[in-house]
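Reviewing the structure listed below.
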Amino acid sequence: MQTFKNFNYALFGNPINHSKSPLIHKLFKKQTHILHIYKAVNIPLNQFSLLVYNFFKNNLKGANVTAPFKEEAYFFSNKLTERAKIAHSVNTLKKIDNTTILGDNTDGIGLLSDLQRINFIKKGFSILIIGAGGAVKGILFSILSLNCTVYILNRTLSNAKRLVEQFSKYGNIYIFEKNNFKENYFNLVINAVSRNVVKEDFVPLSVLSDQTFFYDMNYDVVDTPFISWSAKIGSKLISNGIGMLVFQAAYSFLEWHNIFPKTDYIIDILNKKQS
Ligand SMILES: NC(=O)c1ccc[n+]([C@@H]2O[C@H](COP(=O)([O-])OP(=O)(O)OC[C@H]3O[C@@H](n4cnc5c(N)ncnc54)[C@H](OP(=O)(O)O)[C@@H]3O)[C@@H](O)[C@H]2O)c1
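Heads up: the sequence shown is residues 451 to 725, going by the working numbering.
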């Protein structure tokens with residue numbers, strides 16, 4: 451059983467043993483000199499609400515939430531930011547007072563900030579998103595807000611359809627099928643499928659061009675299957691998801707402390723550690 455005496459911010463997930471978030475937050479703390487002691491806590495699958503409630507009753511002031519608890523965190527929160535309401539998913543919790551826990555979702559703004567940093571996105575882009583899980587729920591509103599047209603490709607069609615229904619009121623979003631794609635090519639392909647499951651021929655080459663950007667939200671290894679595939683088909687416009695990870699953490703830090711930490715050198719540190 452964790453005691454919580456030694457930390458006031460946490461990451462809750464299962465599993466969380468390889469998470470880079472504690473390192474990112476250690477670097478934020480060093481940079482800002484704020485009393486911010488952040489620890490990753492593995493939560494048993496059926497105990498999220500009970501344990502998190504107890505943490506907040508004790509020292510905890512804020513927390514990040516990762517898979518598989520983002521939806522549970524949405525229901526756990528008794529106040530929500532607009533973007534968390536739209537996503538139906540929470541990755542950031544903040545104790546407002548003894549009876550109020552605010553739920554936020556910083557995945558979308560985190561991804562958008564990184565795509566803008568590396569010039570991988572512009573207004574009106576045509577974007578293919580592979581995957582329809584919790585992370586995609588978090589990013590769709592930010593992308594649609596830029597007037598981009600989004601196509602979803604997912605193993606389970608019903609999950610993709612559910613997302614299209616949920617988000618079609620915010621912009622142009624469709625299921626991807628080879629014969630419903632009316633544009634010349636995708637400007638950007640985002641991989642949001644859990645790691646290491648990309649297949650060789652999953653996207654037809656006819657919908658790609660040498661101008662297409664490839665972004666993998668995964669970041670656990672240098673050459674994820676998606677990154678290897680993008681390179682193999684000849685692209686040089688490829689990025690992993692480390693920048694997104696650092697930005698979503700920075701926006702959580704902003705929520706907690708009202709300070710937006712510098713991010714670029716932290717992205718460099720994490721990328722160097724990886725290579
Ligand atoms: N860089 C960042 O800051 C950041 C932030 C959030 C998430 N992520 C990463 O994004 C990825 C997705 O996260 P998530 O929370 O959305 O996960 P999730 O809710 O578990 O969704 C997983 C997605 O992967 C698909 N999938 C799983 N196994 C598959 C297989 N064998 N073949 C084909 N598709 C498969 C699922 O399809 P079905 O619908 O068919 O099950 C679903 O679309 C994770 O790897 C996570 O680490 C990165």
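Beta carbons are placed, not taken as given, at the ideal position from N, Cα and C, and that holds for glycine. Since this is a predicted model, take the numbers as computed values, not measurements.
CA nearest to the CA of residue i, picked from the options
{"i": "Glu627", "options": "Glu615, Ile579, Ala460", "result": "Ile579"}
{"i": "Asn641", "options": "Arg612, Asn634, Gln661, Trp679", "result": "Trp679"}
{"i": "Ile546", "options": "Lys507, Lys573, Asp564", "result": "Lys507"}
{"i": "Pro518", "options": "Ser689, Gln497, Ser685", "result": "Gln497"}
{"i": "Asn708", "options": "Lys544, Val515, Leu495", "result": "Lys544"}
{"i": "Asn721", "options": "Trp706, Ile692, Phe703", "result": "Ile692"}
{"i": "Ala537", "options": "Leu500, Lys470, Ser618", "result": "Ser618"}
{"i": "Asn464", "options": "Ile487, His483, Leu495", "result": "Leu495"}
{"i": "Leu638", "options": "Asn630, Tyr620, Arg612, Met667", "result": "Met667"}
{"i": "Glu705", "options": "Lys470, Ser469, Val540", "result": "Val540"}
{"i": "Tyr669", "options": "Gln661, Asn456, Met694", "result": "Met694"}
{"i": "Ala460", "options": "Pro472, Leu655, Asn609", "result": "Pro472"}
{"i": "Arg533", "options": "Ala610, Tyr620, Phe457", "result": "Tyr620"}
{"i": "Asn767", "options": "Gly581, Asn630, Thr516, Phe457", "result": "Coverage of the chain is limited to positions 451 through 725, which leaves residue 767 absent and any answer about it impossible."}
{"i": "Leu590", "options": "Val672, Asn609, Gln566, Gln616", "result": "Gln616"}
{"i": "Val643", "options": "Phe652, Glu633, His483", "result": "Phe652"}
{"i": "Ile577", "options": "Gly583, Arg567, Leu594, Gln566", "result": "Leu594"}
{"i": "Ser499", "options": "His483, Lys511, Tyr524, His486", "result": "Tyr524"}
{"i": "Arg612", "options": "Phe636, Lys587, Ser592, Asn629", "result": "Lys587"}
{"i": "Val657", "options": "Ile677, Tyr635, Val672", "result": "Tyr635"}
Ligand 1 heavy atom lying under 6 Å from the CB of residue i
{"i": "Val643", "result": "yes"}
{"i": "Asn514", "result": "no"}
{"i": "Arg567", "result": "no"}
{"i": "Asp557", "result": "yes"}
{"i": "Ala681", "result": "no"}
{"i": "Gly463", "result": "no"}
{"i": "Ala534", "result": "no"}
{"i": "Met668", "result": "Per the sequence presented here, residue 668 reads as Asn, with Met not at that position. Yes - ligand 1 has a heavy atom lying nearer than 6 Å to the Cβ of Asn668."}
{"i": "Arg612", "result": "no"}
{"i": "Gly553", "result": "no"}
{"i": "Ala537", "result": "no"}
{"i": "Asn604", "result": "yes"}
{"i": "Leu695", "result": "yes"}
{"i": "Ala585", "result": "yes"}
{"i": "Gln616", "result": "no"}
{"i": "Ala490", "result": "no"}
{"i": "Gln724", "result": "no"}
Reduced DSSP category for residue i - H, G, I as helix; E, B as strand; rest coil
{"i": "Met451", "result": "With a pLDDT of 45 at Met451, under the threshold of 50, the predicted position of this residue should be treated as unreliable, and no value is reported."}
{"i": "Asp666", "result": "strand"}
{"i": "Ile688", "result": "strand"}
{"i": "Ile709", "result": "coil"}
{"i": "Ile623", "result": "strand"}
{"i": "Asp673", "result": "coil"}
{"i": "Arg605", "result": "coil"}
{"i": "His468", "result": "coil"}
{"i": "Phe703", "result": "helix"}
{"i": "Gly583", "result": "coil"}
{"i": "Lys520", "result": "helix"}
Which residues DSSP lists as bridging residue i, in chain order
{"i": "Asp557", "result": "BP columns for Asp557 are empty, so no partner."}
{"i": "Ala490", "result": "Leu461"}
{"i": "Thr542", "result": "Asn514, Asp554"}
{"i": "Ser576", "result": "Thr599"}
{"i": "Leu530", "result": "Gly553"}
{"i": "Val739", "result": "As shown, the chain starts at 451 and ends at 725. That puts residue 739 outside it, with no answer to give."}
{"i": "Asp547", "result": "Thr550"}
Cβ of residue i within 7 Å of any chain B Cβ
{"i": "Ile571", "result": "Looking for chain B here will not work: only one protein chain is present."}
Are the stretch 541-560 and the stretch 709-724 touching by the rule of at least three beta carbon pairs closer than 8 Å? no
Is the stretch 681-701 touching the stretch 598-606, taking contact as three or more C-beta pairs under 8 Å? no
Indicate whether the contact test is met: 3 or more Cβ pairs, each with one atom in the stretch 515-535 and one in the stretch 475-483, closer than 8 Å. no
Count the C-beta pairs between the stretch 587-600 and the stretch 569-577 that are closer than 8 Å, then say yes if the count reaches three, no if not. yes
Take every Cβ of the stretch 488-495, pair it with every Cβ of the stretch 670-687, and state whether three or more of those distances are shorter than 8 Å. no
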